Amino acid sequence: MALVVKYTLFAIIATIGNILFQDTLNRLYHGQYDLYPSMILGTLVGLVVKYLLDKRYIFSFKRQSLLQDGQKFVFYSSMGVVTTAVFWGFEMAFDYAFRTIPMRYTGAVIGLSIGYWMKYQLDKRLVFRQYI
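Structural data, given as structure tokens:
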């Protein structure tokens with residue numbers, strides 16, 4: 004149970020970082036394609052935050068070298084491609100359907116929630132399986 008609580012808390016932290024970064028960019032740039040840069044950069048912020056928290060507090064990964072940590076991050080990131088597509092799909096669908104920033108972020112939160120559940124399943128089975 005403690006693992007579920009920690010993972011959920013870290014997902015919330017990463018989601019807040021992602022959405023806050025997106026919102027900051029949206030306040031700075033209002034253009035025809037403002038959705039895409041904010042989604043991409045928000046995703047990168049969330050990815051780094053989530054990796055740092057997950058590797059240490061969820062999977063107890065202890066790197067043996069910077070190279071090993073870099074390789075683990077690349078593998079961790081690659082497992083997020085499908086989950087990112089889910090997240091972006093929800094965010095774009097809500098943006099298209101409702102045309103408001105709050106609903107865009109609602110879609111993002113729903114997509115991130117689904118994506119993080121999927122991501123945990125991939126990470127425990129593939130990325131960090133030897134650490135569980």
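Just so you know, we're using this note's numbering here: the sequence shown kicks off at 4 and counts up by one.
Where is the CB? At the ideal position from N, CA and C, for every residue including glycine.
Since this is a predicted model, take the numbers as computed values, not measurements.
Among Leu50, Ile43, Val51, Gly83, the one whose alpha carbon lies nearest that of glutamine 25: It is Ile43.
Selection from Met4, Val77, Ile19, Tyr123 that minimises the alpha carbon distance to glycine 49: For the options Met4, Val77, Ile19, Tyr123, the alpha carbon positioned closest to that of glycine 49 is the one of Ile19.
Contact belief for serine 41 with leucine 56 at Cβ below 8 Å, rounded distance in angstroms: Contact flag wrong, Cβ pair sits at about 22 Å.
Three-way DSSP call (helix, strand, coil) for tyrosine 36 in this model: DSSP places tyrosine 36 in the coil class of the three-state scheme, outside both helix and strand.
Candidates Asn21, Ile16, Ala5: closest to glycine 110 by CA position: Comparing Cα-Cα distances from glycine 110 to each of Asn21, Ile16, Ala5, the minimum goes to Asn21.
Coarse secondary structure for serine 81, derived from DSSP in three states: In this structure, serine 81 counts as helix in the three-state DSSP scheme.
Contacts around lysine 53, its chain only, beta-carbon distance under 6 Å, and the 5 residues preceding and following it disregarded: Cβ-Cβ distances below 6 Å link lysine 53 to Ala17 in the same chain, with the five nearest sequence neighbours on each side left out; the list follows chain order.
Buried versus exposed, by CB contacts within 10 Å (16 or more), threonine 103: Exposed is the call here.
Cut-off 6 Å between Cβ atoms - residues of its own chain near arginine 30, not counting five sequence neighbours on either side: Here the set comprises nothing.
With 16 other Cβ atoms within 10 Å as the buried cut-off, status of alanine 14: Buried.
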